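S.K.: Read top to bottom, the protein sequences are chains A and B.
Just so we're aligned, residue 0 is where the first sequence starts under numbering that gives the first Met the number 0, counting upward by one.
Just so we're aligned, residue 0 is where the second sequence starts under numbering that gives the first Met the number 0, counting upward by one.
Protein chains: 2
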Amino acid sequence: MAVSNIRYGAGVTKEVGMDLQNMGAKNVCLMTDKNLSQLPPVQAVMDSLVKNGIRFQVYDNVRVEPTDTSFKEAIEFAQKGAFDAYVAVGGGSTMDTCKAANLYTSSPHSDFLDYVNAPIGKGKPVSVPLKPLIAVPTTTGTGSETTGVAIFDYEHLKVKTGIASRAIKPTLGLIDPLHTLHMPERLVANSGFDVLCHALESYTALPYHMRSPCPSNPMMRPAYQGSNPISDLWAVHALRIVAKYMKRAVRNPDDLEARSHMHLASAFAGIGFGNAGVHLCHGMSYPISGLVKTYKAKDYNVDHPLVPHGLSVVLTSPAVFTFTAQMFPERHLETAEILGADIRTARTQDAGPVLADTLRKFLFDLDVDDGLAAVGYTKADIPALVKGTLPQERVTKLAPRPQSEEDLSALFEASMKLY
Amino acid sequence: MAVSNIRYGAGVTKEVGMDLQNMGAKNVCLMTDKNLSQLPPVQAVMDSLVKNGIRFQVYDNVRVEPTDTSFKEAIEFAQKGAFDAYVAVGGGSTMDTCKAANLYTSSPHSDFLDYVNAPIGKGKPVSVPLKPLIAVPTTTGTGSETTGVAIFDYEHLKVKTGIASRAIKPTLGLIDPLHTLHMPERLVANSGFDVLCHALESYTALPYHMRSPCPSNPMMRPAYQGSNPISDLWAVHALRIVAKYMKRAVRNPDDLEARSHMHLASAFAGIGFGNAGVHLCHGMSYPISGLVKTYKAKDYNVDHPLVPHGLSVVLTSPAVFTFTAQMFPERHLETAEILGADIRTARTQDAGPVLADTLRKFLFDLDVDDGLAAVGYTKADIPALVKGTLPQERVTKLAPRPQSEEDLSALFEASMKLY
């Protein structure tokens with residue numbers, strides 16, 4: 000169990016130059032995306048680098064929902080720059096791209112698939128030393144500043160996969176709530192749903208002592224090790240914050256208190272799922288976003304169709320937790336209660352429907368699209384969605400209940416409409 | 000808020016050889032104390048090192064409640080050995096000694112006082128790289144496996160002080176509950192009191208945003224940074240475990256469940272106080288153990304008078320929290336409730352006495368000596384006890400309420416008898 004280095008506070012971004020100086024950095028790669036490159040978070044980082052006399056180059060070509068192609072472009076940039084440290088300013092897409100750039104630049108003779116999760120890649124353990132990476136999250140969902148995971152679309156197979164290794168975890172996360180004030184409403188909602196599902200999935204994941212195989216060499220054990228007494232603490236705490244602050248954070252752009260708490264909840268849930276793992280909502284989300292046809296999410300300024308990650312994750316959550324509840328009904332009821340359900344008269348066997356109803360109400364209150372149908376999918380897409388879920392066994396095997404292809408079909412079908 | 004890597008489970012000690020091999024270690028220093036060197040935890044480590052073909056030397060000369068002299072002996076041993084990694088098997092004394100040996104061997108040109116906390120030492124920041132250190136705690140109190148702190152008696156001034164730097168934090172803590180089964184009753188009780196006070200003090204410490212000064216360079220900020228939203232989570236969680244399991248763990252040597260939970264609580268509280276800090280119970284405990292006259296604690300097999308650390312900490316706790324409660328009465332009431340008090344009718348202004356009474360009952364139930372008088376102190380010793388507390392400002396300034404010398408006198412006097 001690894002806890003992460005984070006520093007929290009309004010304005011901590013201004014310290015990034017000093018941190019890099021303390022790390023001995025002289026030539027820094029600043030990664031961000033085109034939208035953010037004109038916004039205050041990136042400006043604050045550049046000002047701090049200039050003030051501390053640190054040379055840097057900006058890479059602002061990060062793709063929102065990155066692909067192997069966009070990862071490779073960033074890696075190429077990093078290789079040419081011969082940087083001795085990295086700063087990622089943005090959401091999960093930027094932090095994940097930066098992790099990949101750092102990894103492959105530090106391991107120049109590796110093939111791209113070497114470190115990509117099996118079965119798509121070879122899933123090799125990382126044994127090369129990486130450069131320091133400071134992550135400055137500007138969204139309140141991914142928790143990528145605390146995890147050793149980098150997710151991308153593998154275009155060739157039209158499927159999401161990723162790299163998972165403790166070695167790519169950022170050296171430091173600077174969690175500055177001021178950055179949340181620039182977030183449009185849907186971005187707050189969708190990234191909040193990611194936090195919600197990180198918490199729910201890691202808390203209901205297969206316990207660490209029931210996971211198999213359990214490699215005898217600790218180095219070969221996966222980053223996602225199943226629910227455990229430490230990740231449980233983070234998951235429940237993050238969920239309580241979501242229950243208390245998420246609606247306020249979505250609805251009020253100026254509610255710094257609520258958005259600050261969601262910014263911390265994102266990191267807390269990240270520490271939880273970064274050690275325990277996620278399961279079906281995330282495993283099924285990858286084809287939902289990977290196979291997107293024409294849906295373009297409101298509030299996202301991108302030039303390609305997009306089902307945002309948090310939305311793709313949360314749309315299946317009522318169906319998923321109805322399915323999984325029979326394994327750990329108490330935990331499902333407990334989370335429903337945290338999210339506002341009255342469980343005093345609930346029976347154990349109703350844990351799934353109780354949590355599902357609670358989630359549906361939560362999503363409805365936050366104006367979430369009515370299921371997979373509303374983001375462009377029909378029943379005819381289900382076989383492809385199932386096929387895209389099968390390679391995600393790294394996470395789906397952490398579900399408390401095994402799933403057949405028929406089970407997955409039924410879960411997608413049950414997620415076509417929510418209300 | 001910083002990293003602590005821990006791995007938990009019955010038998011994880013057996014993995015230490017593989018961990019060291021993964022770290023590239025070839026010549027390891029195994030530190031322990033004379034009592035433990037004949038016991039199963041050390042044997043398990045040696046077996047694992049042998050099995051993995053790792054060369055090692057044993058240093059079993061660690062002093063329980065170490066001194067600058069005993070630290071220096073260990074440092075000298077380490078310097079001669081030119082080790083590339085360390086394993087500490089024992090309680091806080093062993094882990095702290097090993098941290099110091101690793102630090103000064105990695106910084107051979109430093110004077111011993113360079114890294115010692117001001118005002119006794121120079122309190123220089125650590126900028127040299129250290130060797131990997133794996134900590135295997137065998138007591139359930141110190142949490143030293145998760146902290147960047149090493150405490151010792153500075154004999155010349157007859158006062159406890161220490162070294163505090165994130166740089167000396169162990170690379171990995173292996174938390175193996177099997178080791179708790181060898182602990183005699185008083186060792187479980189006293190180390191549990193250390194956990195109790197770590198949790199209570201860090202939860203009631205001055206909040207991080209009220210601490211001053213706040214050095215502009217993050218590297219210069221103290222390891223003990225005041226209570227914060229992350230340390231709070233660990234403190235409260237550890238306290239709940241203490242409330243639930245400590246009495247069982249003390250009374251039943253075979254209660255592996257209770258002792259396992261206390262072993263984890265020790266690490267959890269360590270992560271909490273290792274970031275937030277402790278305050279008056281710890282600050283006042285250093286002269287209480289440092290000025291010991293003839294008291295010899297039951298169940299401790301040592302050849303010198305000894306007030307065990309956890310006992311020296313807890314004896315002042317009723318007086319301390321009566322004194323501090325006016326600042327954060329809600330937190331004091333909340334902790335009293337966790338420890339079993341009925342606070343439904345308690346008034347805010349009674350928070351101190353309510354928590355103090357709860358603590359007195361808790362201590363009485365666990366057969367704790369009746370105050371400072373019972374460990375050999377009289378009123379005539381109070382000026383010396385106060386004088387020994389004054390240099391502990393690194394921690395005492397984290398108390399939620401400032402203290403004059405008169406306040407400290409009154410706190411010692413109120414701690415002479417508990418019941």
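A virtual CB, placed ideally from N, CA and C, is assigned to each residue, including glycine.
Just so you know, these numbers come straight off a predicted model, no measurement behind them.
Could you check the C-alpha separation between residue 374 of chain A and residue 154 of chain A for me, to the nearest Å?
M.R.: Cα to Cα, residue 374 of chain A sits roughly 20 Å from residue 154 of chain A.
S.K.: Out of A:418, A:416, A:394, A:411, point me to the one whose CA is closest to residue 118 of chain A's CA.
M.R.: Among A:418, A:416, A:394, A:411, the Cα nearest to that of residue 118 of chain A is on A:394.
S.K.: Could you give the distance in angstroms between the alpha-carbon of residue 392 of chain B and the alpha-carbon of residue 92 of chain B?
M.R.: Their backbone Cα atoms lie some 22 Å apart in a straight line.
S.K.: Counting only the same chain and skipping the five closest in sequence on each side, list residues whose C-beta sits under 7 Å from that of residue 219 of chain B.
M.R.: The answer, listed in chain order, is 124.
S.K.: Determine the burial state of residue 300 of chain B: buried for a count of at least 16 other Cβ atoms within 10 Å of its Cβ, exposed for fewer.
M.R.: Label assigned to residue 300 of chain B: exposed.
S.K.: Which runs of the alpha helix (DSSP H) at least 4 residues long sit entirely within the region 296-326 of chain A? Give them in chain order.
M.R.: For the region 296-326 of chain A, whole alpha helix (DSSP H) runs of length 4 or above, ordered along the chain, are 308-313, 316-323.
S.K.: Where DSSP assigns a beta bridge to residue 7 of chain B, which residues make up the other side?
M.R.: DSSP lists B:174 as partners of residue 7 of chain B.
S.K.: Within 10 Å of its beta-carbon, does residue 79 of chain B have 16 or more other beta-carbons around it, so buried, or fewer, so exposed?
M.R.: With fewer than 16 Cβ atoms within 10 Å of its Cβ, residue 79 of chain B is classed as exposed.
S.K.: What residues are listed by DSSP as bridge partners for residue 136 of chain B?
M.R.: DSSP output for residue 136 of chain B lists B:89 as bridge partner(s).
S.K.: Using the Cα positions of residue 368 of chain B and residue 138 of chain B, report the straight-line distance between them to the nearest angstrom.
M.R.: Using only the alpha carbons, I get a separation of about 21 Å.
S.K.: Taking residue 21 of chain A as the query, report the chain B residues whose CB atoms sit under 8 Å from its CB, ordered along the chain.
M.R.: Those within 8 Å of residue 21 of chain A in chain B are 216, 217, 218.
S.K.: Counting only Cβ pairs nearer than 7 Å, list the residues of chain A close to residue 18 of chain B.
M.R.: Those are 217, listed as they occur along chain A.
S.K.: In terms of residues, what are the limits of the alpha helix (DSSP H) holding residue 196 of chain A?
M.R.: 184-203 is the extent of the alpha helix (DSSP H) around residue 196 of chain A.
S.K.: What's the gap between the Cα of residue 399 of chain A and the Cα of residue 273 of chain B?
M.R.: So the two alpha carbons sit approximately 34 Å from each other.
S.K.: Going by beta carbon distance, what residues of the same chain come within less than 7 Å of residue 41 of chain A, once the five residues before and after it are set aside?
M.R.: So the qualifying residues of the chain are 31, 35, 88.
S.K.: For residue 170 of chain A and residue 270 of chain A, I'd like the C-alpha separation in whole angstroms.
M.R.: C-alpha separation (whole angstroms): 14 Å.
S.K.: In chain B, which residues lie with their C-beta within 9 Å of the C-beta of residue 392 of chain A?
M.R.: The contacting residues do not exist; residue 392 of chain A stays about 24 Å from chain B at best.
S.K.: What residue does the beta strand (DSSP E) around residue 162 of chain A start on, and which one ends it?
M.R.: Residue 162 of chain A -> beta strand (DSSP E) spans 158-163.
S.K.: Determine the burial state of residue 128 of chain A: buried for a count of at least 16 other Cβ atoms within 10 Å of its Cβ, exposed for fewer.
M.R.: That one is exposed.
S.K.: Got a sec: is the Cβ-Cβ distance from residue 10 of chain B to anything in chain A below 8 Å?
M.R.: Chain A contact via Cβ: absent.
S.K.: Short of 7 Å in beta carbon distance, which residues of its chain neighbour residue 364 of chain B, apart from the five on each side in sequence? Order them along the chain.
M.R.: Cβ within range, chain order: 246.
S.K.: Determine the contact status of residue 140 of chain B and residue 67 of chain B, defining contact as a CB-CB distance below 8 Å.
M.R.: For residue 140 of chain B and residue 67 of chain B, no; Cβs fall outside 8 Å.
S.K.: Taking 8 Å as the threshold (C-beta atoms), are residue 176 of chain A and residue 355 of chain A in contact?
M.R.: No, they are not a contact pair.
S.K.: Between the Cα of residue 86 of chain B and those of B:168, B:337, B:281, B:264, spot the shortest distance and give me the residue it belongs to.
M.R.: Nearest option by C-alpha distance: B:168.
S.K.: Counting pairs of Cβ atoms below 8 Å between the region 227-242 of chain A and the region 324-342 of chain A, do you hit three or more?
M.R.: A contact exists between the region 227-242 of chain A and the region 324-342 of chain A.
S.K.: Could you tell me which chain A residues have their CB closer than 7 Å to the CB of residue 236 of chain B, listed as they occur along the chain?
M.R.: The answer, in chain order, is 232.
S.K.: Taking DSSP as the reference, what is the three-state secondary structure of residue 410 of chain B?
M.R.: Residue state, collapsed to three classes: helix.
S.K.: In chain B, which residues lie less than 8 Å from residue 263 of chain A when you measure between Cβ atoms?
M.R.: Per Cβ cutoff of 8 Å: 228.
S.K.: Based on DSSP bridge pairs, tell me the residues matched to residue 488 of chain A.
M.R.: Because chain A here runs from 0 to 418, residue 488 of chain A falls outside it and cannot be looked at.
S.K.: Cβ atoms of residue 216 of chain B and residue 45 of chain A: under 8 Å apart, would you say?
M.R.: In this structure, residue 216 of chain B does not lie closer than 8 Å to residue 45 of chain A by Cβ.
S.K.: The alpha helix (DSSP H) spanning residue 77 of chain B covers which residue range?
M.R.: Residues 67-80.
S.K.: Assuming residue 296 of chain B and residue 312 of chain B make a contact with CB atoms under 8 Å, what is their CB distance in whole Å?
M.R.: That belief does not hold up - the Cβ atoms of residue 296 of chain B and residue 312 of chain B are roughly 13 Å apart, past 8 Å.
S.K.: Strictly by DSSP, which residues pair up with residue 259 of chain B?
M.R.: None; residue 259 of chain B has no bridge partner.
S.K.: Going by beta-carbon coordinates alone, are residue 24 of chain A and residue 84 of chain A separated by less than 8 Å?
M.R.: Contact: yes.
S.K.: Considering only DSSP beta bridges, list what residue 26 of chain B is partnered with.
M.R.: DSSP lists B:54 as partners of residue 26 of chain B.
S.K.: Give the straight-line distance between the Cα atoms of residue 410 of chain A and residue 282 of chain A, rounded to the nearest whole angstrom.
M.R.: So the two alpha carbons sit approximately 12 Å from each other.
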